[in-house]
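Here the working numbering is used: the first residue of the sequence shown is 5, the next is one more, and so on. Even for Gly, the Cβ is constructed at its ideal location relative to N, Cα and C. Here the structure is a predicted model, which means the values were calculated and not measured. Single-structure report; data block below.
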Amino acid sequence: MIDKSKNEYNVYIDESGDEGINKGSKYFILTAIIVKKEKDLEISKSVDLIKENLELSRKTQLHWKLLKGMPNKRMIMDVVSELDIKIINVIIDAKCIQFIPSNNIYNFFSGYLYERICWYMNDNNGVANINISARGNLSKEKLSNYLNDKNHKKFNIDTNCIKQIKIIPNERKKLLQLADCCCSALFQALKYNNNIHFDYIKRIQHKLYSRGSNLLSYGLKLVPNNSNSIELKNLVNYLKASKK
Numbered sequence: 005m006i007d008k009s010k011n012e013y014n015v016y017i018d019e020s021g022d023e024g025i026n027k028g029s030k031y032f033i034l035t036a037i038i039v040k041k042e043k044d045l046e047i048s049k050s051v052d053l054i055k056e057n058l059e060l061s062r063k064t065q066l067h068w069k070l071l072k073g074m075p076n077k078r079m080i081m082d083v084v085s086e087l088d089i090k091i092i093n094v095i096i097d098a099k100c101i102q103f104i105p106s107n108n109i110y111n112f113f114s115g116y117l118y119e120r121i122c123w124y125m126n127d128n129n130g131v132a133n134i135n136i137s138a139r140g141n142l143s144k145e146k147l148s149n150y151l152n153d154k155n156h157k158k159f160n161i162d163t164n165c166i167k168q169i170k171i172i173p174n175e176r177k178k179l180l181q182l183a184d185c186c187c188s189a190l191f192q193a194l195k196y197n198n199n200i201h202f203d204y205i206k207r208i209q210h211k212l213y214s215r216g217s218n219l220l221s222y223g224l225k226l227v228p229n230n231s232n233s234i235e236l237k238n239l240v241n242y243l244k245a246s247k248k
């Protein structure tokens, strides 16, 4: 039973990269943006502003991969930097996965994301309404069973922090489109591994979930443990240098 005294948050989850082993991209990224429920409508309007700046109609789906020009992408990150949100990323190094079938990578590693969402809820006396961008092999029933599996000891997922789960087509929720932008910006930063693309993340680094100075365990979580991501190390060093 949900405690009515708790703060309610809406969470929007999207992904970027190729899910699976030896399918092209080195990284598969899951991103959640967390918004206070009472501020959801106000923050959603920022997507309308972005579309207006891009000379897109409000009905047009905002999709990072279809955008041209770095100034347009920097503009989006600047808008995000002003929003009252938190961002959590789980970065999956597909090249280091050996024993998990390709079609199970999402389900297995998404536990790291839900675990951190629950940590954030506990940090802020909150409960989460989770909205997930629809994907072919994802069902609400399977996900609910996964989250409620008490025998799943790898993750510390506090299901008391989750009020409801919805799987929604990306085009129907503006903040799923914003999650796509945040996720794809990080994907490109790691793919191109240069300061020009790291700059996207620098603009929103204060929105990444952290505890104290610990960012890598929270807002930029790298898995599996045997990964030694040079690209992520370079990004983090760039973020640290930009703060000096």
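Contacts around residue i, its chain only, beta-carbon distance under 8 Å, and the 5 residues preceding and following it disregarded
i, result
"Gly-130", "Lys-10, Asn-11, Glu-12, Tyr-13, Tyr-124, Cys-165"
"Asn-128", "Asn-11, Tyr-13"
Integer Cβ distance of residue i from residue j, believed to fall under 8 Å
i, j, result
"Lys-195", "Tyr-242", "With a Cβ gap of about 15 Å, Lys-195 and Tyr-242 do not count as contacting."
"Leu-236", "Leu-226", "6 Å"
"Ser-20", "Phe-191", "4 Å"
"Ile-89", "Ile-47", "7 Å"
"Asn-126", "Val-15", "Contact flag wrong, Cβ pair sits at about 14 Å."
"Leu-117", "Leu-180", "Not quite, the Cβ-Cβ distance comes to about 15 Å (not below 8 Å), so this is no contact."
Cross-strand partners of residue i (DSSP beta bridge)
i, result
"Glu-12", "Val-131"
"Tyr-31", "Asp-97"
"Ile-252", "Residue 252 lies beyond the stretch modelled for the chain, which goes from 5 to 248, so this question has no answer here."
"Ser-137", "Ile-172"
"Gly-21", "Phe-32"
Residue burial classification, residue i (beta-carbon count within 10 angstroms, cutoff 16)
i, result
"Ser-137", "buried"
"Ala-245", "exposed"
"Asp-82", "exposed"
"Asn-57", "exposed"
"His-210", "exposed"
"Lys-247", "exposed"
"Asn-229", "exposed"
"Asp-8", "Here the sequence assigns Lys to residue 8, which means Asp is not the residue at that position. The residue is exposed, with fewer than 16 neighbouring Cβ atoms inside 10 Å."
"Ile-200", "exposed"
"Ser-217", "exposed"
6 Å Cβ shell around residue i - same chain, five flanking residues per side excluded
i, result
"Ile-92", "Ala-36, Arg-120, Tyr-213, Gly-223"
"Lys-178", "Ser-48, Val-51"
"Cys-185", "Trp-68, Ile-80"
Chain-order list of residues whose beta-carbon lies under 7 Å from that of residue i (same chain, five-residue window excluded)
i, result
"Lys-43", "Asp-88"
Problem - Uninterrupted beta strand (DSSP E) stretches inside the region 163-227 (no shorter than 3 residues) - result: 166-172, 224-227
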